[in-house]
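A.B. asks: Chains as they are written, first to last, in my numbering: chain A, 388 to 638; chain B, 168 to 383.
No residue lacks a Cβ here, since even glycine has one placed at the ideal position from N, Cα and C.
None of the values given here were measured: they were computed from a predicted structure.
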């Protein structure tokens with residue numbers, strides 16, 4: 388689906404390791420994501436997939452290895468890190484909208500305070516984004532007045548407002564009621580079609596089939612398989628993946 | 168009862184001075200206390216250490232020591248004041264800020280960690296995360312304990328009366344000495360004027376708390 392030459396990675400992880408005390412949560416992770424690619428990370432809970440996602444914008448530190456965004460290594464902290472994070476959109480499982488700000492302010496805060504864009508322009512862009520994710524009429528409300536699905540779509544708009552190079556989704560639908568999952572997935576599928584580079588940690592196999600260019604299967608802190616959705620779902624190679632998929636399909 | 172009415176000008180003067188000490192010290196304490204709390208959660212170890220040491224020492228020593236320090240020790244170090252009010256304000260602000268700092272810190276801890284993560288992930292610096300996202304939410308949750316601290320500050324300001332500041336308690340002592348037969352009423356008068364400040368503060372707490380509450 389992408390016409391980029393290999394090695395032209397927007398996000399690259401090279402021999403990344405992380406421990407929580409004794410627990411080795413990321414074991415020698417190597418992963419390259421090219422521009423415009425949609426990579427879905429799946430695996431049983433505790434497999435390290437969320438940690439992997441959070442490490443990419445350094446919400447989790449790593450013990451060793453190299454993570455690069457657009458060829459630049461992640462700075463350890465300070466202004467440089469903040470600058471780089473502005474280029475990496477993040478969507479959380481628990482939405483994390485700023486509880487004391489309106490929906491509109493949630494989306495404009497980053498552009499105004501981080502990018503220094505004028506309020507008028509930021510408002511205009513934010514309204515366009517909110518319309519795009521279907522919650523434009525909720526702009527003056529506070530986050531708690533919205534449903535989970537609406538909040539998560541606002542969270543996506545908030546991340547998009549920074550015009551990120553890549554979007555990270557950390558189980559974006561896991562905290563949602565079943566009937567709200569699709570409204571969020573629809574927005575994500577649309578985003579994928581528009582060519583956004585995405586790394587999505589999810590349990591939604593339907594999304595993986597529909598929108599992913601690649602499926603990365605993780606178990607016990609390792610990347611066990613890295614294949615196209617077609618390959619992975621019809622013909623998984625590892626017994627670990629076969630086991631995981633069989634458990635999903637029996638219910 | 169007559170003793171109160173006869174000495175009303177003295178009471179009013181004392182009341183206004185108590186109010187002045189409380190308001191000025193309250194403002195300084197809120198500012199300094201919030202800065203101390205910010206230092207306590209900052210990524211700079213030296214700031215965290217300073218804040219923690221300050222709060223632990225000041226919070227765990229009597230207010231009288233703060234007053235002695237401001238009124239006796241500071242002048243010996245070359246910091247002199249024309250009026251004892253200044254020393255009183257320094258002592259009260261320094262003392263109260265330690266309690267404010269602890270209240271604000273508990274508020275900061277009550278803000279879900281995801282709020283800070285979301286703010287960091289859109290590229291905010293630490294100072295922005297704190298001032299735009301964490302503190303506005305933290306301060307709202309600590310309105311009731313904060314008002315308690317300010318009520319305590321109003322009452323604590325009476326210690327200034329022992330350091331030649333003619334606030335309510337200072338006048339109260341003077342009046343009690345001059346009216347040995349009406350000490351009870353002198354003190355009732357003093358208590359009344361303290362209540363005039365502290366009771367409304369308590370009501371204010373309820374109103375403000377309801378107004379600024381954030382639903383999650």
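For residue 615/A, does the count of other Cβ atoms within 10 angstroms reach 16, so buried, or fall short, so exposed?
C.D. replies: Indexing the first chain from 1 puts residue 615/A at position 228. It counts as exposed.
A.B. asks: When you compare the CB of residue 392/A with every CB in chain B, is at least one pair closer than 8 Å?
C.D. replies: Reading the first chain from its first residue, position 5 is the one you call residue 392/A. At residue 392/A, the pLDDT of 46 sits below 50, so the modelled position is not reliable; the number obtained from the coordinates is stated separately. Not closer than 8 Å to any Cβ of chain B, the Cβ of residue 392/A fails to qualify, so no.
A.B. asks: For the alpha helix (DSSP H) holding residue 196/B, just list the boundary residues, first then last.
C.D. replies: Position 29 of the second chain, counted from the start, is the residue given in the question as residue 196/B. Per DSSP, residue 196/B is one residue of the alpha helix (DSSP H) stretching across 175-208.
A.B. asks: Determine the chain B residues that contact residue 481/A at a beta-carbon separation under 7 Å, and present them in chain order.
C.D. replies: Looking up residue 481/A in the first chain gives position 94. Simply 281.
A.B. asks: Identify whether residue 407/A lies in helix, strand or coil by the three-state DSSP scheme.
C.D. replies: As a first step, residue 407/A is located in the first chain; it is residue number 20 there, counting from the start. Of the three classes helix, strand and coil, the one that applies to residue 407/A here is strand, per DSSP.
A.B. asks: In whole angstroms, what separates the C-alpha of residue 482/A from that of residue 275/B?
C.D. replies: Position 95 of the first chain holds residue 482/A. Position 108 of the second chain holds residue 275/B. C-alpha separation (whole angstroms): 19 Å.
A.B. asks: How many angstroms separate the CA atom of residue 484/A from the CA atom of residue 209/B?
C.D. replies: Residue numbering aside, residue 484/A sits at position 97 when the first chain is read from its first letter. Residue numbering aside, residue 209/B sits at position 42 when the second chain is read from its first letter. Roughly 23 Å between the two C-alpha positions.
A.B. asks: Report the residue from 401/A, 408/A, 430/A and 420/A whose alpha carbon sits nearest the alpha carbon of residue 607/A.
C.D. replies: Along the first chain, read from residue 1 onward, the residue named residue 607/A stands at position 220. Comparing Cα-Cα distances from residue 607/A to each of 401/A, 408/A, 430/A and 420/A, the minimum goes to 430/A.
A.B. asks: Measure the C-alpha to C-alpha separation of residue 265/B and residue 226/B and round it to an integer number of angstroms.
C.D. replies: Residue mapping note: residue 265/B aligns to position 98 of the second chain, counting from 1. Residue mapping note: residue 226/B aligns to position 59 of the second chain, counting from 1. For residue 265/B and residue 226/B, the distance between alpha carbons rounds to 6 Å.
A.B. asks: List the whole-angstrom C-beta distance separating residue 398/A from residue 456/A, where the pair is believed to meet the contact cut-off of C-beta under 8 Å.
C.D. replies: Along the first chain, read from residue 1 onward, the residue named residue 398/A stands at position 11. Along the first chain, read from residue 1 onward, the residue named residue 456/A stands at position 69. Here residue 398/A really is in contact with residue 456/A; their C-beta atoms are around 6 Å apart, less than 8 Å.
A.B. asks: Going along the stretch 581-596 of chain A in order, which residues come within less than 9 Å of chain D, judged by CB to CB distance?
C.D. replies: Checking the listed chains, one finds no chain D in this structure; the protein chains it contains are A and B.
A.B. asks: Using only the alpha-carbon positions, how far apart do residue 328/B and residue 200/B sit?
C.D. replies: As a first step, residue 328/B is located in the second chain; it is residue number 161 there, counting from the start. As a first step, residue 200/B is located in the second chain; it is residue number 33 there, counting from the start. Computed Cα separation, rounded: 24 Å.
A.B. asks: Using 8 Å as the limit for Cβ to Cβ distance, is residue 274/B near chain A?
C.D. replies: In the second chain, residue 274/B corresponds to position 107, counting from 1. No - not a single Cβ of chain A is within 8 Å of the one on residue 274/B.
A.B. asks: Looking at C-alpha atoms only, which residue of 459/A, 543/A and 622/A is the closest neighbour of residue 587/A?
C.D. replies: Here residue 587/A refers to the residue found at position 200 when the first chain is read from its first residue. Taking only the C-alpha atoms, the option nearest residue 587/A is 543/A.
A.B. asks: Label residue 360/B either buried or exposed according to how many other C-beta atoms from any shown protein chain fall within 10 Å of its C-beta, with 16 as the threshold for buried.
C.D. replies: To locate residue 360/B, count along the second chain from 1; it is residue 193. Buried, since its Cβ has 16 or more Cβ neighbours within 10 Å.
A.B. asks: Applying the criterion that 16 or more other CB atoms from any shown protein chain within 10 Å of the CB defines a buried residue, is residue 172/B buried or exposed?
C.D. replies: As a working note, residue 172/B is residue 5 in the second chain. Counting Cβ neighbours within 10 Å, residue 172/B comes out exposed, since fewer than 16 surround it.
A.B. asks: Does the separation of the CB atoms of residue 312/B and residue 358/B fall below 8 Å?
C.D. replies: For the purposes of this step, residue 312/B is taken as residue 145 along the second chain, with counting starting at 1. For the purposes of this step, residue 358/B is taken as residue 191 along the second chain, with counting starting at 1. Contact flag unset, no.
A.B. asks: In three-state terms, what does DSSP make of residue 299/B?
C.D. replies: On the second chain, residue 299/B is found 132 positions in, with the first residue counted as 1. Here residue 299/B sits in helix by DSSP.
A.B. asks: Under three-state DSSP, which class holds residue 417/A?
C.D. replies: Reading the first chain from its first residue, position 30 is the one you call residue 417/A. Here residue 417/A sits in strand by DSSP.
A.B. asks: Hey, residue 553/A and residue 475/A: beta-carbon distance below 8 Å or not?
C.D. replies: Residue mapping note: residue 553/A aligns to position 166 of the first chain, counting from 1. Residue mapping note: residue 475/A aligns to position 88 of the first chain, counting from 1. The answer is yes: Cβ separation under 8 Å.
A.B. asks: Given that residue 300/B touches chain A, what residues does it touch there, using C-beta distances under 7 Å?
C.D. replies: Start at 1 with the first residue of the second chain, and residue 300/B comes out as number 133. Residues of chain A passing the Cβ test: 485.
A.B. asks: Between the alpha carbons of residue 291/B and residue 472/A, how many angstroms are there, rounded?
C.D. replies: As a working note, residue 291/B is residue 124 in the second chain. As a working note, residue 472/A is residue 85 in the first chain. In a straight line, the C-alpha of residue 291/B is about 8 Å away from that of residue 472/A.
A.B. asks: Ignoring anything shorter than 3 residues or poking outside the stretch 421-501 of chain A, list the beta strand (DSSP E) runs there in chain order.
C.D. replies: 425-429, 451-456 and 475-478
A.B. asks: Could you name the residues that DSSP lists as bridge partners for residue 336/B?
C.D. replies: Position 169 of the second chain, counted from the start, is the residue given in the question as residue 336/B. None, per the DSSP bridge assignment.
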